[in-house]
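**Student:** Residue 7 is where the sequence shown starts when you use our numbering, and the numbers rise one by one after that.
I have a structure here, written as structure tokens, and I will follow up with some questions on it.
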Amino acid sequence: IQSAFFLGDVVEGISLPQAVAMVSRNPAEAVGLDDRGVIEPGRRADLVRVRVDDHVPVVRTVWRQGRRVA
Numbered sequence: 007i008q009s010a011f012f013l014g015d016v017v018e019g020i021s022l023p024q025a026v027a028m029v030s031r032n033p034a035e036a037v038g039l040d041d042r043g044v045i046e047p048g049r050r051a052d053l054v055r056v057r058v059d060d061h062v063p064v065v066r067t068v069w070r071q072g073r074r075v076a
């Protein structure tokens, strides 16, 4: 998660959604994990809800396979 925020901050022209794709969808596709990397029906549904405090991403909620675990 921190990598996505870092990319969004330091690389001009990259939005946060683009940065998230760079650290989630692209790696999943690269190693053939077809059930993860994007939010779509039929996918794994591993999600993280994040809040930013003083430019630092803080994990607020975690879902694993669609179930809240933290």
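Note that CB positions come from ideal geometry on N, CA and C, so glycine has one too.
Do the region 7 to 19 and the region 60 to 74 meet, that is, are 3 or more Cβ pairs less than 8 Å apart?
**Tutor:** Yes, since at least three Cβ pairs between the region 7 to 19 and the region 60 to 74 fall closer than 8 Å, the two stretches touch.
**Student:** Do G48 and A34 have their C-beta atoms within less than 8 Å of each other?
**Tutor:** Not a contact, by the Cβ cut-off of 8 Å.
**Student:** At what residues does the alpha helix (DSSP H) containing V26 begin and finish?
**Tutor:** Run containing V26: L22 to V29, per the alpha helix (DSSP H) assignment.
**Student:** Use the C-beta contact count for V75: other C-beta atoms within 10 angstroms, 16 or more gives buried, fewer gives exposed.
**Tutor:** Under this definition V75 is an exposed residue.
**Student:** Can you list, in chain order, the residues of its chain with a C-beta nearer than 7 Å to that of D41? Leave out the 5 residues immediately preceding and following it.
**Tutor:** The residues are R49 and R50.
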